[in-house]
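Right, one structure below, let's go through it.
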């Protein structure tokens with residue numbers, strides 16, 4: 001299968017596939033990897049060999065809870081770290097209690113890290129032309145003791161777990177999860 005055919009079959013952009021292949025995407029999103037594995041008729045585990053310090057990123061925008069749970073399970077994730085400021089959702093199944101219960105049913109631990117949430121007034125900047133301003137404001141908010149503690153917890157969890165950072169936004173680059181991943185990378 002060519003890269004072009006794989007891009008069409010998986011629904012993942014050709015440029016993203018090239019970046020993944022060249023190792024330019026440090027923490028690829030769960031749904032992208034699951035789509036690629038499905039298109040190649042293989043498993044996520046076969047694409048991503050076991051390694052320590054695994055942190056993935058997942059946005060549930062446009063996703064039903066059953067599809068989300070299946071993707072989490074297929075990716076081998078055993079801890080979901082919810083980085084939404086307020087873990088409520090209009091999408092059925094994605095509010096804290098129900099999501100935690102659904103994940104628990106498949107043996108996945110759920111943790112809410114409120115201090116890593118993106119302030120409501122900063123969210124529009126991530127969606128518009130002022131992305132870098134939004135990223136800078138969010139990064140400044142990570143200097144609080146509570147946020148530093150939460151980042152330390154994530155760094156600790158990734159030593160023993162495959163962690164998925166959870167928020168609503170599908171596009172990681174338009175979500176504060178990308179900044180959290182950068183901060184984690186700096187922690188080593």
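Residue numbers (UniProt numbering): 1 to 188. Cβ coordinates follow ideal geometry from the N, Cα and C atoms, glycine included.
query, result
"Residue 24, DSSP secondary structure in three states", "Bear in mind that a pLDDT of 49 at residue 24, under 50, signals an unreliable position, so the model cannot answer this."
"Presumed contact (8 Å Cβ cut-off) between residue 125 and residue 180, rounded CB distance", "That belief does not hold up - the Cβ atoms of residue 125 and residue 180 are roughly 16 Å apart, past 8 Å."
"Segment contact, 8 Å Cβ cut-off, at least three pairs: the stretch 160 to 171 with the stretch 69 to 86", "yes"
"Cβ shell of residue 16 (< 6 Å), same chain only, five flanking positions each side left out", "none"
"Where residue 81 sits in the DSSP three-state scheme", "strand"
"C-beta contact flag for residue 102 and residue 74 at 8 Å", "no"
"Straight-line gap, residue 11 to residue 147 (C-alpha atoms, nearest Å)", "35 Å"
"Under the three-state DSSP convention, the category residue 138 falls into", "helix"
"Continuous beta strand (DSSP E) assignments of at least 3 residues falling wholly in the stretch 90 to 137", "109 to 112"
"Among 9, 65 and 183, nearest to residue 152 - alpha-carbon criterion", "183"
"Contact under 8 Å by Cβ, residue 69 with residue 164", "no"
"Closest Cα partner of residue 254 within the set 104, 106, 67 and 123", "Shown here, the chain extends from 1 to 188; a query on residue 254 therefore has no answer."
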